[in-house]
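Participant: Following this message is one structure expressed as structure tokens.
In our numbering, the protein residues as written are 1103 to 1257.
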């Protein structure tokens, strides 16, 4: 079986000096290698092809046969690394907490420990006849959630 650490080292060599970053690498028992990369401005197919060729130039098919797939972290897929949170600050996201509650808001901050989204909530001020919309920040630790993903809007 191909060692995931070897593939990770090869990918990191290619990424050096580029604005791309590694999201995930999986190597299945039948040697199917899947590499996911991302970039703040999107991933170009030419760069996926270049990375794929680079990986193939470093692995020996004579020693082990493998299947290789290089692509971008899919839109609508949950975030897997901190850098995905950082490049999506200011955009709409959906968060599913481990308690099953779903939140939709603007990702306003992220760091290694937690992230914050700004949501609009209806609150009825004391003495008011109608509730009014107010913005509220909610901070989550990464352990408190099942996923966070970019919210695709067609408005």
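Where a beta carbon is used, it is the ideal one built from N, C-alpha and C, also for glycine.
(1) Beta-carbon within less than 8 Å of residue 1127's beta-carbon, same chain only, minus the 5 sequence neighbours each way: which residues are those?
(2) Measuring alpha carbon to alpha carbon, tell me which residue in 1204, 1225, 1163 and 1209 is nearest residue 1239.
(3) Does the contact criterion of 3 or more C-beta pairs under 8 Å hold for the region 1138-1148 versus the region 1171-1180?
(4) Just checking residue 1250 against the ligand GDP - is the residue's beta carbon closer than 7 Å to any of the ligand's heavy atoms?
(5) Would you decide whether residue 1230 is buried or exposed? Buried here means 16 or more other CB atoms lie within 10 Å of its CB.
(6) Sort out for me which residues DSSP pairs residue 1192 with in a bridge.
(7) Tell me the DSSP secondary structure of residue 1117 in three-state form.
(8) Can at least three beta-carbon pairs, one atom from the region 1215-1234 and one from the region 1147-1154, be found at a separation below 8 Å?
(9) Under a three-way DSSP split, which group does residue 1170 fall into?
(10) Drop a sphere of 10 angstroms on the beta-carbon of residue 1254, count the other beta-carbons inside from all chains shown, and report buried for 16 or more, exposed for fewer.
(11) Starting from the C-beta of residue 1157, find all residues in its chain whose C-beta is less than 8 Å away, skip the five residues before and the five after it, and write them out in chain order.
(12) Could you say which of 1241, 1227, 1191 and 1147 lies nearest to residue 1199 if we only look at CA atoms?
(13) Considering only their Cβ atoms, is the gap separating residue 1251 from residue 1195 smaller than 8 Å?
(14) Closest by CA to residue 1212, which one among 1160, 1181, 1232 and 1162?
Facilitator: Walking through what the data contain:
(1) Stepping through the chain shown from its first residue, residue 1127 is reached at position 25. Closer than 8 Å at the Cβ level, and outside the excluded window around residue 1127, lie 1106, 1109, 1110, 1113, 1135, 1136, 1137 and 1138.
(2) Numbered from 1 along the chain shown, position 137 holds the residue referred to as residue 1239. It is 1209.
(3) yes
(4) The ligand GDP is absent from the structure shown, which contains no ligands of any kind.
(5) Residue mapping note: residue 1230 aligns to position 128 of the chain shown, counting from 1. The residue in question, residue 1230, is exposed, as its Cβ has fewer than 16 Cβ neighbours within 10 Å.
(6) As a working note, residue 1192 is residue 90 in the chain shown. Looking at the DSSP assignment, residue 1192 forms no beta bridge with any residue, so it has no partner.
(7) Taking the first residue of the chain shown as position 1, residue 1117 is located at position 15. In this structure, residue 1117 counts as helix in the three-state DSSP scheme.
(8) no
(9) One-based indexing of the chain shown puts residue 1170 at position 68. It is a strand residue.
(10) Position 152 of the chain shown, counted from the first residue, corresponds to residue 1254. Exposed.
(11) Translated into positions along the chain shown, residue 1157 becomes position 55. Excluding sequence neighbours, residue 1157 sits near 1109, 1112, 1113, 1116, 1135, 1137, 1170 and 1172.
(12) Locating residue 1199 in the chain shown gives position 97, where the first residue counts as 1. When only C-alpha atoms are compared, the closest one is 1241.
(13) To locate residue 1195, count along the chain shown from 1; it is residue 93. To locate residue 1251, count along the chain shown from 1; it is residue 149. A contact, by the Cβ cut-off of 8 Å.
(14) Here residue 1212 refers to the residue found at position 110 of the chain shown. The residue with the shortest Cα to Cα distance from residue 1212 is 1181.
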